[in-house]
Structure formats: C-alpha cells, structure tokens
Amino acid sequence: MRFLNCNPRARQMQTGLSLIELLIALALGLILTLGVVQVFLGSSQTYRLSDSLGKTQENIRFTLGTLQYDARMAGHFGCLIGEPFNQLDETDDDYDEISYGGGAIIGWEAGDTGLGEEFEITSLTAGTGSWSNGSGDAIPDQIEDQMLPGTDFFIVNSGERSPVELDINPSAAANTLGTTGNVDIDQDTILLVIAGDCSGGDLFQKTNQSGDTLTKGSGNAPGNKTPVNEKFNGDYDDDASIYLFKSAAYFIGEGASGEPALFRERLDAGDTSGAVELAEGVENMQILYGVASGVEAAADSYVTAENVTNWDNVVSVRMALLYRTGDFITDVAEAREFNLAGTEITTQSDRRSRVVGMSTVGIRNRLE
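Going from the sequence shown to the numbering used here is simple: count from 1 and add 240.
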C-alpha cells in the first residue's frame with residue numbers, strides 16, 4: 241500500500257535561486273566584469289602611451305645623434321691644413337658654390353620663426369613656406385619645395401675617409417692617380433686627395449669607370465677645370481689619403497606615411513639616392529648658429545640663419561626639434577605651445593603627445 245505525503249511544509253520547500261538572489265548575483269557579476277574591463281582598458285592605454293613615447297624617444301636619440309655627428313664633422317677633411325685646390329669646373333651649370341665652395345655649414349631660416357617670434361602650425365604641406373639667410377643664398381634646386389613651412393634647414397659639407405690607397409706619384413703631366421687595387425668608387429663621385437704631410441689637397445670629380453686609377457677627366461657634371469689633362473696641384477704618393485666628398489641637406493618634409501619626418505638628401509654629384517627619410521614624427525626644427533666675432537674661436541652669440549652674413553664665423557650649432565607620437569594617446573584634443581630655441585611653436589589641435597629634443601654641438605675644425 242502506498243501513502244501520499246500530505247505534509248504542507250514539504251510541499252513548500254524551495255529549490256534553486258530566488259529571483260532576488262539571481263538579480264544580486266547578476267549585479268555582482270556585472271560589477272566584477274566592469275572592473276576587469278576597466279583594468280584592461282587602463283593597462284591598454286598605459287601600454288599605448290608607453291609604446292608611443294618609447295618610439296618617440298628612439299627617434300630623438302637617433303635623429304639628434306645623426307645631426308650631432310654631421311654638424312660636428314662639418315668642414316672636416318682629415319688632416320688637411322687650409323682649403324683644397326678646387327679642380328671642379330666652376331663655370332658649369334651643375335656647379336654649386338654652396339656645396340663645393342669650401343664652406344662647412346650653411347642654413348636657412350623659415351619665415352616668422354625668428355628669436356622671440358611665434359609660429360602656428362596650420363599646414364603640413366611641403367613647399368608652401370618661405371626661407372632666407374643673411375648671406376642671400378638661393379635654396380639648392382634638389383631640395384626646393386620639399387620643406388614644411390615654419391621649419392629651418394641646413395647643409396653640411398665634409399669628407400669621409402676612403403680605404404683606397406695610392407701607389408705611385410703622378411708624372412708631371414698626369415691627371416691620373418694610381419691605386420694599389422681595384423677602386424670601388426662610382427664614376428662622377430667628388431673626391432678629395434690629401435698629401436701625406438697634410439700641406440694641401442685637390443678637390444676633383446672622378447670621371448673614369450672602376451679600375452685601379454682615379455682620373456680627373458672631362459665630360460661629367462659639373463666636371464673638372466680645363467684643360468683636364470693637367471697634373472694635380474699637389475704631388476701625391478702612397479702616404480696620401482683619399483676622401484669621399486659629401487654635401488648633405490637636413491630638413492623636415494612630408495614622409496611616406498603622410499607624417500612629418502626628418503630627411504637627409506645628398507647634394508654632391510655622383511649620389512643619386514635622393515631624399516632619404518630618417519625618422520617620422522619630427523614636426524618642426526629650429527636652428528641657431530654660434531658666431532665667433534673675436535679672435536678666440538668661441539661663440540659670442542647664437543643667432544638665426546637670417547643674421548649670419550659670414551658662415552666662416554660659425555663655430556657651433558644649436559638645434560631644437562619637436563617630435564610627436566604617431567598615435568592619438570591623450571584624452572583631450574588641444575593645441576599646445578613649445579619653445580624651440582627661442583621660437584614659440586603652436587601645434588595643431590589633436591590628441592598626440594609631443595616632446596622637444598635639443599642639443600648644442602661645436603664644429604670640430606673651428607673650436608679651440
């Protein structure tokens with residue numbers, strides 16, 4: 241016989257969660273989830289900020305290191321005492337006095353960016369600004385219309401030692417230098433040969449193809465003085481050294497990604513690499529030049545390029561660069577002001593973070 245359980249208390253026993261308990265559990269879960277999401281978003285933002293600033297710091301170290309080295313070596317051609325004898329054809333249309341005329345450094349000041357002036361960045365389109373210097377030099381054709389408005393730029397000339405070694409002294413009428421082996425120097429390259437006792441040198445253009453000689457011939461641009469078959473000005477034996485002449489412009493232009501970037505472009509003949517992007521995110525550059533007016537080779541004052549009338553008196557360079565992150569990492573979009581070597585630069589309104597890098601460099605061959 242089966243008996244039914246008629247106890248009313250047994251029928252009222254609850255199983256599972258009540259609605260209130262379920263709502264409380266959902267609320268607690270939501271709070272915990274929001275907390276986890278908030279921690280994740282905070283960590284992600286911190287990572288993006290650290291990563292962007294880390295890349296910017298790398299750009300600062302690399303670009304300032306590059307500019308410091310080239311500015312320091314401006315006008316350096318080994319142990320050469322004085323200036324070399326210029327064998328280049330100064331009457332040729334491709335001859336550039338800025339590169340080959342013996343100057344170490346020369347710069348241009350952007351309009352409205354002098355000491356104490358204020359400049360607002362409204363355009364990042366190359367070629368829309370104006371530039372000038374105190375010596376009235378024209379901007380070289382190779383880099384004209386490549387600079388961003390409101391940014392200074394400069395050119396440095398120097399030499400890089402070549403491993404090529406000479407083996408013979410040219411005869412009285414020779415325009416060729418013999419070497420100890422095959423010369424891996426491109427035709428049209430501008431070279432400087434320096435005597436072993438550092439007493440003199442010749443600046444000339446290599447006109448022959450690769451081989452075991454360096455020939456000062458004709459038919460190139462800018463080419464060599466005529467008659468090209470005359471001997472070099474100096475006598476060079478196996479103690480002489482060969483330097484590759486370099487003339488390089490540094491400027492801020494529009495990078496491949498559309499970001500402002502620091503560029504270097506070789507201006508000397510024989511180099512056809514064009515403008516090379518060194519680092520993106522470099523938004524502005526302001527340059528001051530240390531000028532020595534007395535007998536001692538020390539900077540008496542720092543002035544803009546517009547106030548330099550004799551570039552032989554420049555003994556040091558002060559450079560200030562404005563860097564920006566590639567990502568939008570700040571909370572609020574706003575325009576900010578930065579002091580770059582005495583010039584107030586106002587940025588465009590955005591959510592990028594920015595950093596100023598600054599350095600002062602003495603020109604090696606001009607400081608005592």
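Here a beta-carbon is modelled for each residue, glycine too, at the ideal position from N, C-alpha and C.
Bear in mind that the values here come from a model prediction, so they are computed numbers and not experimental data.
Review point. Between the Cα of residue 542 and the Cα atoms of 559, 536 and 535, which residue gives the shortest distance?
Key: For the purposes of this step, residue 542 is taken as residue 302 along the sequence shown, with counting starting at 1. Minimum Cα distance to residue 542 is reached at 559.
Check your understanding: In whole angstroms, what is the alpha-carbon distance linking residue 395 and residue 555?
Key -> Position 155 of the sequence shown, counted from the start, is the residue given in the question as residue 395. Position 315 of the sequence shown, counted from the start, is the residue given in the question as residue 555. So the alpha carbons of these two residues sit roughly 15 angstroms apart.
Practice item. List the endpoints of the continuous beta strand (DSSP E) containing residue 476. Key: Sequence index remark: in the sequence shown, residue 476 carries index 236 (1-based). First-last for residue 476: undefined, no H or E at that position.
Exercise for review: On the DSSP bridge assignment, give the partners of residue 187 in chain order.
Suggested key: Lying before the first or after the last residue shown, residue 187 is absent from the chain, which here runs from 241 to 608.
Check your understanding: In three-state terms, what does DSSP make of residue 582?
Key -> Counting from 1 along the sequence shown, the entry for residue 582 is found at position 342. Of the three classes helix, strand and coil, the one that applies to residue 582 here is coil, per DSSP.
Point to revise | Local Cβ density within 10 Å of residue 340, reported as buried at 16 or more and exposed below that | key: Position 100 of the sequence shown, counting from 1, holds the residue named residue 340. It counts as buried.
Check your understanding: In angstroms, rounded to a whole number, what distance separates the CA positions of residue 397 and residue 312?
Key -> Looking up residue 397 in the sequence shown gives position 157. Looking up residue 312 in the sequence shown gives position 72. Going by the C-alpha atoms only, they are around 11 angstroms apart.
Check your understanding: In whole angstroms, what separates the C-alpha of residue 348 from that of residue 273?
Key -> If you number the sequence shown from 1, residue 348 lands on position 108. If you number the sequence shown from 1, residue 273 lands on position 33. Approximately 58 angstroms, taken between the alpha carbons.
Practice item. Return the chain-ordered ranges of every beta strand (DSSP E) run that is complete within the region 407-446 and spans a minimum of 3 residues. Key: 416-418, 430-434 and 441-445
Exercise for review: Could you tell me if residue 462 is buried or exposed, where buried requires 16 or more neighbouring beta carbons within 10 angstroms of its beta carbon?
Suggested key: Taking the sequence shown and counting its residues from 1, the one referred to as residue 462 is at position 222. Flag for residue 462 reads buried.
**Study point:** Residues sharing a beta bridge with residue 506, DSSP
**Key:** Indexing the sequence shown from 1 puts residue 506 at position 266. According to DSSP, residue 506 bridges with 488.
Practice item. Could you check which residue in 600, 445, 567 and 591 has the C-alpha nearest to that of residue 581? Key: Against the sequence shown, residue 581 aligns to sequence position 341. If we check each option's Cα against that of residue 581, 600 comes out closest.
**Study point:** Rounded straight-line distance, which links the Cα of residue 345 to that of residue 548
**Key:** For the purposes of this step, residue 548 is taken as the residue at position 308 of the sequence shown. For the purposes of this step, residue 345 is taken as the residue at position 105 of the sequence shown. Each residue's alpha carbon lies about 11 angstroms from the other.
Exercise for review: Starting from the C-beta of residue 371, find all residues in its chain whose C-beta is less than 6 angstroms away, skip the five residues before and the five after it, and write them out in chain order.
Suggested key: As a first step, residue 371 must be located in the sequence shown, where it is residue number 131. For residue 371, where only same-chain residues beyond five positions count, the Cβ hits under 6 angstroms are 348 and 350.
Exercise for review: Could you tell me the distance, in whole angstroms, from the CA atom of residue 528 to the CA atom of residue 545?
Suggested key: Along the sequence shown, one-based indexing puts residue 528 at 288. Along the sequence shown, one-based indexing puts residue 545 at 305. About 7 angstroms.
Check your understanding: Which term fits residue 488, buried or exposed, when burial requires 16 or more other beta carbons within 10 angstroms of its beta carbon?
Key -> Looking up residue 488 in the sequence shown gives position 248. Residue 488 should be labelled buried.
Check your understanding: For residue 515 versus residue 499, is the C-beta distance shorter than 8 angstroms?
Key -> Counting from one through the sequence shown, the residue named residue 515 turns up at place 275. Counting from one through the sequence shown, the residue named residue 499 turns up at place 259. No; because the gap between Cβ atoms is not below 8 angstroms, this pair is not in contact.
Review point. How would you call residue 260, buried or exposed, if buried means at least 16 neighbouring beta carbons within 10 angstroms?
Key: Start at 1 with the first residue of the sequence shown, and residue 260 comes out as number 20. Classification of residue 260: exposed, given that the 10 Å Cβ count is below 16.
Practice item. Kindly indicate which residue of 485, 576 and 299 has the alpha-carbon position closest to the one of residue 401. Key: Taking the sequence shown and counting its residues from 1, one reaches residue 401 at position 161. Ranking the options by Cα distance to residue 401, first place goes to 485.
Check your understanding: How long is the line joining the alpha carbons of residue 412 and residue 455, rounded to whole angstroms?
Key -> Residue 412 sits at position 172 when you count from the first residue of the sequence shown. Residue 455 sits at position 215 when you count from the first residue of the sequence shown. Its pLDDT being 48, under 50, residue 412 is placed unreliably by the model, and the measurement read from it follows with that caveat. In a straight line, the C-alpha of residue 412 is about 15 angstroms away from that of residue 455.
Practice item. Would you identify the three-state DSSP class for residue 355, choosing helix, strand or coil? Key: Along the sequence shown, one-based indexing puts residue 355 at 115. Looking at residue 355 - three-state DSSP - the assignment turns out to be coil, as it is neither helix nor strand.
Point to revise | Opening and closing residue of the alpha helix (DSSP H) in which residue 337 lies | key: As a position in the sequence shown, residue 337 is number 97, starting the count at 1. Here the alpha helix (DSSP H) through residue 337 covers 337-340.
**Study point:** Pair within 8 angstroms by beta-carbon distance, residue 392 and residue 420
**Key:** Here residue 392 refers to the residue found at position 152 of the sequence shown. Here residue 420 refers to the residue found at position 180 of the sequence shown. Not closer than 8 angstroms, so no.
Practice item. On a CA-only basis, which of 436, 481, 303 and 460 is nearest residue 426? Give me that one, please. Key: Taking the first residue of the sequence shown as 1, we reach residue 426 at position 186. The residue with the shortest Cα to Cα distance from residue 426 is 460.
Practice item. Report yes if the CB atom of residue 609 is closer than 8 angstroms to the CB atom of residue 563, and no otherwise. Key: With the chain covering only 241 through 608, there is no way to say anything about residue 609.
Exercise for review: Using alpha carbons as the reference points, say which of 342, 328 and 424 lies closest to residue 315.
Suggested key: Numbered from 1 along the sequence shown, position 75 holds the residue referred to as residue 315. Out of 342, 328 and 424, 342 has the C-alpha closest to the C-alpha of residue 315.
Point to revise | residue 298 (DSSP reduced to helix, strand or coil) | key: Stepping through the sequence shown from its first residue, residue 298 is reached at position 58. Here residue 298 sits in helix by DSSP.
Exercise for review: State buried or exposed for residue 317, treating a residue as buried only when at least 16 other CB atoms are found within 10 Å of its CB.
Suggested key: Position 77 of the sequence shown, counted from the start, is the residue given in the question as residue 317. The residue in question, residue 317, is buried, as its Cβ has 16 or more Cβ neighbours within 10 Å.
Check your understanding: To the nearest angstrom, how far is it from the Cα of residue 495 to the Cα of residue 364?
Key -> Taking the first residue of the sequence shown as position 1, residue 495 is located at position 255. Taking the first residue of the sequence shown as position 1, residue 364 is located at position 124. Computed Cα separation, rounded: 10 angstroms.
**Study point:** Inter-residue Cα distance where the pair is residue 309 and residue 585
**Key:** Numbered from its first residue, the sequence shown carries residue 309 at position 69. Numbered from its first residue, the sequence shown carries residue 585 at position 345. Going from the Cα of residue 309 to the Cα of residue 585 covers about 26 angstroms.
Check your understanding: Under the criterion of a Cβ to heavy atom distance below 7 angstroms, does residue 406 qualify as lining the ligand SAM?
Key -> For the structure depicted, the ligand SAM is absent and the ligand set is empty, with no information on it obtainable.
Review point. Is the CB-CB distance between residue 561 and residue 521 below 8 angstroms?
Key: The residue given as residue 561 occupies position 321 in the sequence shown. The residue given as residue 521 occupies position 281 in the sequence shown. No, they are not a contact pair.
Practice item. Given a cut-off of 8 angstroms, decide if residue 474 and residue 414 are closer than it, judged by their beta-carbon atoms. Key: What you label residue 414 is simply residue 174 of the sequence shown in a count that begins at 1. What you label residue 474 is simply residue 234 of the sequence shown in a count that begins at 1. No, the Cβ-Cβ distance between residue 414 and residue 474 is not below 8 angstroms.
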